[in-house]
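Asker: I'd like to ask some things about the structure below.
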Amino acid sequence: MKIFVRIIRIIFGLVLLAGFAYGLMSFAKAAPKSGEVKAMIESGTDGSEWAYTAAPAGSQSAQPETQSAQNPEAGTADAPVVEAPPSPTPLPNTPAARAAALGLPAPPDIDITSWEFLLVNGDNSIDQYVPDKLGYLHPNISEVDIWTEPSAFRLNAGVDYRIAQALLDFAVAAKNAGMDVYLSSGYRSYASQQDNFIRICQNNGTSDGKDANGYYITMPAGCSEHQSGLCCDITDKWYGVKTAAELRNKPLSVWMAEHCQDYGFILRFPEGKEDITKVMYEPWHFRYVGVDAAKYIMANGLCFEEFVELYQ
Ligand SMILES: [Zn+2]
């Protein structure tokens, strides 16, 4: 009986073993080989039971193309590298950079379009411009008031009201330094400059206001800085004709050239800058630009045209 039971157990064990072996073989037959999977993906076949496997493989292969389309830089990685030529030195684009290129210190931080920087010369006419308000000083500063109405007595000394106090301070300082001061010409209207121009041209046998060297001896109407009201001719007394030869070494001229910047004025037509200003050296003509700009201009030996150029 025991032997019979043992035989039954052996037979049962063999049957189980055979069943397990058959199951393994069936599984191996049903699974596609790796080449078959590749073929399914490439042909776009979406076999239901392999869809899950195929989908990630397909999306992975498409991803790089999508990235390169959205990000142009991704496509340049493999592009041949072209050596860029060395870029030229960038052009100065700030006042400080332009000044540095000329060997000058940084200029003051100003608004070059502000009224005190109005450029008036043979190339820059202000046409029929008239200052909004004039201030009048006594010509020899025997009084230190600023009037808002002209009179026959002090008609010559009208200037733009905004510079009247600075001009008064400058003139008073000169007087306090022991000088005689005469404000010989301030604001001139367009019409009066027109008369000046014609008269001086006739007296000098010229028609364009220029001397034999091409420098202006009188400006056409609209091109005189006097029409802006921002300047004044300052001498030690009244002169019928002002010449650099006579006035250059006057104590007042020397003092003014040394101290004008402290009051916001510059020597507008310096000696040696005639080719730029197109005007002869005038030791009597002072122009208001404010203290910061005046100190920079005078300390660096510039004319006003050169200063304005730094900001354009
Ligand atoms: Zn002048």
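Quick note: the sequence shown uses numbering that gives the first Met the number 0, first residue 0, plus one each step. For glycine and all other residues, C-beta sits at the position ideal for the given N, C-alpha and C. On a predicted model such as this, the values are computed, not experimentally measured, just so you know.
Can you tell me which of ALA100, PRO107, GLY134 puts its alpha carbon nearest to the alpha carbon of ASP291?
Answerer: Here residue 291 is taken as the residue at index 292 of the sequence shown, counted from 1. That would be PRO107, whose Cα lies nearest to the Cα of ASP291.
Asker: When the Cα atoms are used, what is the spatial distance from VAL170 to PRO149?
Answerer: As a first step, residue 170 must be located in the sequence shown, where it is residue number 171. As a first step, residue 149 must be located in the sequence shown, where it is residue number 150. Checking the displayed sequence, the identity of residue 170 turns out to be Ala instead of Val. Those two C-alpha atoms are separated by around 19 Å.
Asker: I'd like to check one pair, CYS222 with ILE111: are the Cβ atoms closer than 9 Å?
Answerer: Here residue 111 refers to the residue found at position 112 when the sequence shown is read from its first residue. Here residue 222 refers to the residue found at position 223 when the sequence shown is read from its first residue. Taking 9 Å as the Cβ cut-off, ILE111 and CYS222 do not qualify as a contacting pair.
Asker: In the DSSP assignment, the beta strand (DSSP E) including VAL158 goes from what residue to what residue?
Answerer: Locating residue 158 in the sequence shown gives position 159, where the first residue counts as 1. Element bounds for VAL158: 157-159.
Asker: Hey, quick one: how far does the beta strand (DSSP E) through HIS258 stretch, first residue to last?
Answerer: If you number the sequence shown from 1, residue 258 lands on position 259. Careful: HIS258 lies outside any beta strand (DSSP E), inside the alpha helix (DSSP H) at 250-258.
Asker: Just how far apart, CA to CA, sit LEU246 and PRO269?
Answerer: Indexing the sequence shown from 1 puts residue 246 at position 247. Indexing the sequence shown from 1 puts residue 269 at position 270. For LEU246 and PRO269, the distance between alpha carbons rounds to 13 Å.
Asker: Would TYR128 pass as a contact of GLN193 if the rule is Cβ separation under 9 Å?
Answerer: Sequence index remark: in the sequence shown, residue 128 carries index 129 (1-based). Sequence index remark: in the sequence shown, residue 193 carries index 194 (1-based). Cβ atoms of TYR128 and GLN193: not closer than 9 Å.
Asker: Can you say whether PRO31 is buried or exposed, counting buried as having 16 or more other CB atoms within 10 angstroms of its CB?
Answerer: Translated into the one-based positions of the sequence shown, residue 31 becomes position 32. Model confidence at PRO31 stands at a pLDDT of 41, short of 50, so the residue's coordinates are unreliable and nothing is read from them.
Asker: What is the chain-ordered set of residues for which the beta carbon lies under 7 Å from any non-hydrogen atom of ligand 1?
Answerer: Listed by chain position, these are SER184, GLU224, HIS225, CYS230, ASP232, GLU281, TRP283, HIS284.
Asker: Assess contact between the region 167-181 and the region 212-222, defined as three or more Cβ pairs (one per stretch) separated by less than 8 Å. Is contact present?
Answerer: With the cut-off at 8 Å, the region 167-181 and the region 212-222 do not touch.
Asker: Three-state secondary structure (DSSP) at TRP283?
Answerer: As a first step, residue 283 must be located in the sequence shown, where it is residue number 284. The answer is coil: DSSP assigns TRP283 none of H, G, I, E or B.
Asker: Just curious, the alpha helix (DSSP H) that ILE199 is in, first and last residue?
Answerer: If you number the sequence shown from 1, residue 199 lands on position 200. Element bounds for ILE199: 189-203.
Asker: Once DSSP output is grouped into helix, strand and coil, what is the label at ASP232?
Answerer: Locating residue 232 in the sequence shown gives position 233, where the first residue counts as 1. Reduced to three states, the DSSP call for ASP232 is strand.
Asker: Work out the CA separation of SER206 and PRO282 for me, nearest whole Å.
Answerer: Here the question's residue 282 lines up with position 283 in the sequence shown. Here the question's residue 206 lines up with position 207 in the sequence shown. Their backbone Cα atoms lie some 25 Å apart in a straight line.
Asker: Along the chain, where does the alpha helix (DSSP H) containing LEU309 start, and where does it finish?
Answerer: If you number the sequence shown from 1, residue 309 lands on position 310. Looking at the DSSP string, LEU309 is not in any alpha helix (DSSP H), and its letter there is neither H nor E.
Asker: In chain order, what residues of the same chain lie with their CB nearer than 6 Å to the CB of GLN260, ignoring the 5 residues before and after it?
Answerer: Numbered from 1 along the sequence shown, position 261 holds the residue referred to as residue 260. ALA293, LYS294, MET297, listed in sequence order.
Asker: Based on the DSSP output, what are the partners of PHE264 in its beta bridges?
Answerer: As a working mapping, residue 264 is identified with position 265 in the sequence shown. Looking at the DSSP assignment, PHE264 forms a beta bridge with TYR287.
Asker: Assign TRP114 to one of three DSSP states: helix, strand, or coil.
Answerer: Counted from its first residue, the sequence shown places residue 114 at position 115. Helix at TRP114.
Asker: Leaving out the 5 sequence neighbours to the left and right, which residues in its chain are closer than 6 Å to VAL288 when beta-carbon positions are compared?
Answerer: One-based indexing of the sequence shown puts residue 288 at position 289. Excluding residues within five positions, the ones whose Cβ falls inside 6 Å are GLU115, ILE265.
Asker: Which class does TYR215 belong to by DSSP, given the choice of helix, strand or coil?
Answerer: Translated into positions along the sequence shown, residue 215 becomes position 216. In the structure shown, TYR215 sits in a strand (DSSP, three-state: E or B).
Asker: Count the other CB atoms within 10 Å of the CB of GLU48; is the residue buried (16 or more) or exposed (fewer)?
Answerer: Taking the first residue of the sequence shown as 1, we reach residue 48 at position 49. With a pLDDT of 34 at GLU48, under the threshold of 50, the predicted position of this residue should be treated as unreliable, though the coordinate-derived value follows. Exposed: under 16 other Cβ atoms inside 10 Å.
Asker: What residues match up with LYS277 in a beta bridge as DSSP calls it?
Answerer: The residue labelled residue 277 in the question sits at position 278 within the sequence shown. DSSP output for LYS277 lists no bridge partner at all.
Asker: Give me the Cα-Cα distance between ILE243 and ASP235, rounded to the nearest whole angstrom.
Answerer: Residue numbering aside, residue 243 sits at position 244 when the sequence shown is read from its first letter. Residue numbering aside, residue 235 sits at position 236 when the sequence shown is read from its first letter. The question names Ile, but residue 243 is Ala in the sequence shown. Computed Cα separation, rounded: 13 Å.
Asker: Check TYR181 in the structure and name its three-state DSSP category.
Answerer: Counted from its first residue, the sequence shown places residue 181 at position 182. If DSSP states are grouped into helix, strand and coil, TYR181 belongs with the strands.
Asker: Under the three-state reduction of DSSP, which class applies to ASN120: helix, strand or coil?
Answerer: Here residue 120 refers to the residue found at position 121 of the sequence shown. Strand, per DSSP.
Asker: Can you tell me which residues form a DSSP beta bridge with TYR135?
Answerer: Here residue 135 refers to the residue found at position 136 when the sequence shown is read from its first residue. TRP146, GLY157.
Asker: Determine the direct distance from the alpha carbon of ALA190 to that of ALA256, and round the result to whole angstroms.
Answerer: Position 257 of the sequence shown, counting from 1, holds the residue named residue 256. Position 191 of the sequence shown, counting from 1, holds the residue named residue 190. When rounded, the distance between both Cα atoms is 31 Å.
Asker: Excluding sequence positions up to five away, which residues of its chain have a Cβ less than 6 Å from the Cβ of GLU305?
Answerer: Residue numbering aside, residue 305 sits at position 306 when the sequence shown is read from its first letter. Taken in chain order, the list of residues that qualify is empty.
Asker: Could you tell me if THR276 is buried or exposed, where buried requires 16 or more neighbouring beta carbons within 10 angstroms of its beta carbon?
Answerer: Residue numbering aside, residue 276 sits at position 277 when the sequence shown is read from its first letter. Its Cβ being crowded by 16 or more others within 10 Å, THR276 is buried.
Asker: Which one of ASP168, SER141, LEU229 has the shortest CA to CA distance from VAL119?
Answerer: Walking along the sequence shown from the start, residue 119 turns up at place 120. Of the listed residues, the one whose Cα sits closest to VAL119 is LEU229.
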